[in-house]
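A.B. asks:
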Amino acid sequence: MWRLSVVVSFLAFGARSASADYESEQNDAKLGVIERAFDAYTKDPAIFDGETIKPGVTAATAITHANLCARGPNAYLSGMKAVTPKGRGTERGRKLTERHNAIVPWCQKLAAAANVLGAAAADARTADKASEKQAAERQTVCQKLIGEASTAVGGRFNLGQVMDTWKGNRTLNNAESVKTFRTQLEALGPVCKPYGDVETCRKGNYATFTGESNAEYSRADICVAASDPAKTLTEVVMRALQPTVDRRTPMPTIESFRKDEGWIQTEGEVKYATYFQVSAATKAERTAKATEMLAAGGVAVPADLSMLWSTDQARLDALKAAVDATAAEWKLEGDKCKGYACALATNAFKKGPVKANVKKLTGSDWKIVKKGQLPDYRYMKMFVLYQVPGEPYCQLTSATANETYSGGGTFQKASKLQWGYVRFQTCK
Numbered sequence: 016m017w018r019l020s021v022v023v024s025f026l027a028f029g030a031r032s033a034s035a036d037y038e039s040e041q042n043d044a045k046l047g048v049i050e051r052a053f054d055a056y057t058k059d060p061a062i063f064d065g066e067t068i069k070p071g072v073t074a075a076t077a078i079t080h081a082n083l084c085a086r087g088p089n090a091y092l093s094g095m096k097a098v099t100p101k102g103r104g105t106e107r108g109r110k111l112t113e114r115h116n117a118i119v120p121w122c123q124k125l126a127a128a129a130n131v132l133g134a135a136a137a138d139a140r141t142a143d144k145a146s147e148k149q150a151a152e153r154q155t156v157c158q159k160l161i162g163e164a165s166t167a168v169g170g171r172f173n174l175g176q177v178m179d180t181w182k183g184n185r186t187l188n189n190a191e192s193v194k195t196f197r198t199q200l201e202a203l204g205p206v207c208k209p210y211g212d213v214e215t216c217r218k219g220n221y222a223t224f225t226g227e228s229n230a231e232y233s234r235a236d237i238c239v240a241a242s243d244p245a246k247t248l249t250e251v252v253m254r255a256l257q258p259t260v261d262r263r264t265p266m267p268t269i270e271s272f273r274k275d276e277g278w279i280q281t282e283g284e285v286k287y288a289t290y291f292q293v294s295a296a297t298k299a300e301r302t303a304k305a306t307e308m309l310a311a312g313g314v315a316v317p318a319d320l321s322m323l324w325s326t327d328q329a330r331l332d333a334l335k336a337a338v339d340a341t342a343a344e345w346k347l348e349g350d351k352c353k354g355y356a357c358a359l360a361t362n363a364f365k366k367g368p369v370k371a372n373v374k375k376l377t378g379s380d381w382k383i384v385k386k387g388q389l390p391d392y393r394y395m396k397m398f399v400l401y402q403v404p405g406e407p408y409c410q411l412t413s414a415t416a417n418e419t420y421s422g423g424g425t426f427q428k429a430s431k432l433q434w435g436y437v438r439f440q441t442c443k
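Numbering-wise (the numbering used here), the sequence shown opens with residue 16 and increments by one.
What follows is the structure, given as structure tokens:
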């Protein structure tokens, strides 16, 4: 009997031991799942600082971050139900409980902030869709108008030319072109009236007419141009009569003038008293042209036509200021001029259209230019410093004498000189 009871007791102990080991294994497995869920999330202060989502973080990023944060607490709440009291009481179980209690407030704040950001993003998407719908509706209106406007002026190409003219990409250059432009503007006016507000299609709705990359015009462009044909025609004509150089060449400054060493790029007569003023002849010519073209369009000539030469005058004023600021900086260096070419230069100022006193004359040696192995011609360059009576400065100009090779080592003398640019400077 004794031996039998010992065996039974031993078997009972083994059963209890196996059951305890199985319980521990199951608890460890379930606690491991919870632990890994907590480990999946790491606080990132660049995304959330405990109170607010950082600027620049998208709603999608914030929501993903919040979902990762919630993974640990969710796993804890569901997983701990399957862990036995013994497992919850282990050191590992207690640490997971501490992690859960510590992270839950953080995750709740993060989720709330992410939801606010997500709602704002959703509102923005809704607004974008509404805007896209409005744009599509405007596009339909624009295309209908563009079709009718094209028909009114004889096709899209003609409509493109009208718009190019109004925008300044095309210039009216004679009375006939002005008449045509006026007729086209008047044809567009009635087309615009049924469409109401000319601002309807201003933003983001364009149609290309001429095929050029920059030739895109909106409904507002068409209707504004046609709303007052006389005003549009006057602006276009006045703009067309201003020299195109005004729009291409930078206004001179003292700094840019110094870089050019004070040279004025003209080879004609220069007088300080008149050069820096738009001439009466230029004003009369442009006035007559404006009168002719505006009359062709049935438009009254404005009382003030100064805009036809105001940009020219502003440029000349800037040039004069640069001359006055730098005249004392320039000096004439070089050897005294020798030979008959020097006399040609001097006589040009004694007998020519510009009567002036020659103050100084320098000249170089003759330089031979060859063609192949034989001389072709030779030239001599001179600089003449002269003063027109009554002017505050002297002027410096270059002159070049060219002699053609005659053969036998001789050259044919020059009878005239080639003159270069002019510079105002002191007479010293």
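Quick reminder that beta carbons are idealized off the backbone N, C-alpha and C, glycines included. What you are looking at is a predicted structure, and each value in this text was computed from that prediction instead of being measured.
Per DSSP, which one or two residues make a beta bridge with residue 412?
C.D. replies: Residue 412 is bridged to 399, 437.
A.B. asks: Assuming the contact rule is C-beta atoms closer than 8 Å, residue 119 and residue 108 should be a hit. Round their C-beta distance to whole Å, please.
C.D. replies: Actually they do not touch by this definition, with Cβ atoms about 17 Å apart.
A.B. asks: Suppose contacts are defined by Cβ-Cβ distances below 8 Å. Is residue 407 in contact with residue 287 by that definition?
C.D. replies: The answer is yes: Cβ separation under 8 Å.
A.B. asks: Apart from the five residues just before and just after residue 312, which ones in its own chain have a Cβ nearer than 6 Å to its Cβ?
C.D. replies: Answer for residue 312: 193, 197, 248, listed in chain order.
A.B. asks: Any contact between the stretch 327 to 342 and the stretch 358 to 372? By contact I mean 3 or more CB pairs, one from each, below 8 Å.
C.D. replies: Because the criterion of three Cβ pairs below 8 Å is not met, the stretch 327 to 342 and the stretch 358 to 372 do not touch.
A.B. asks: Report, in whole angstroms, the separation of the C-beta atoms of residue 277 and residue 410, which I expect to be a contact under 8 Å.
C.D. replies: In fact, because the Cβ distance is near 11 Å, the residues do not count as touching under 8 Å.
A.B. asks: Give me, in chain order, the residues of the same chain whose beta-carbon lies closer than 6 Å to that of residue 419; leave out the 5 immediate sequence neighbours on both sides.
C.D. replies: Taken in chain order, the residues that qualify are 392, 427.
A.B. asks: DSSP three-state label for residue 391, please.
C.D. replies: Three-state result, residue 391: strand.
A.B. asks: Count Cβ pairs between the stretch 172 to 188 and the stretch 292 to 302 that sit closer than 8 Å; are there 3 or more?
C.D. replies: These segments do not touch.
A.B. asks: What is the C-beta distance between residue 284 and residue 435, in whole angstroms, given that I count them as a contact (C-beta under 8 Å)?
C.D. replies: About 14 Å; that fails the 8 Å criterion.
A.B. asks: Taking the alpha-carbon positions, what's the residue 73 to residue 133 distance?
C.D. replies: Whole-angstrom Cα-Cα distance: 8 Å.
A.B. asks: Run through DSSP, which three-state label would residue 427 get?
C.D. replies: It is a strand residue.
A.B. asks: Have a look at 252, 396, 111 and flag the residue whose alpha-carbon is nearest the alpha-carbon of residue 195.
C.D. replies: With distances taken between Cα atoms, residue 195 lies closest to 252.
A.B. asks: So the beta strand (DSSP E) residue 382 belongs to, where does it begin and stop?
C.D. replies: Looking at the DSSP string, the run of the beta strand (DSSP E) that includes residue 382 is 382 to 386.
A.B. asks: For a quick check, are the C-beta atoms of residue 92 and residue 55 less than 8 Å apart?
C.D. replies: Not in contact: residue 92 and residue 55 (Cβ atoms no closer than 8 Å).
A.B. asks: Given that a residue counts as buried once 16 or more other Cβ atoms are within 10 Å of its Cβ, and exposed if not, what is residue 116?
C.D. replies: Under this definition residue 116 is an exposed residue.
A.B. asks: Alpha carbons only, please: which of 89, 39, 77 is nearest the one belonging to residue 53?
C.D. replies: For residue 53, the nearest C-alpha among the options comes from 89.
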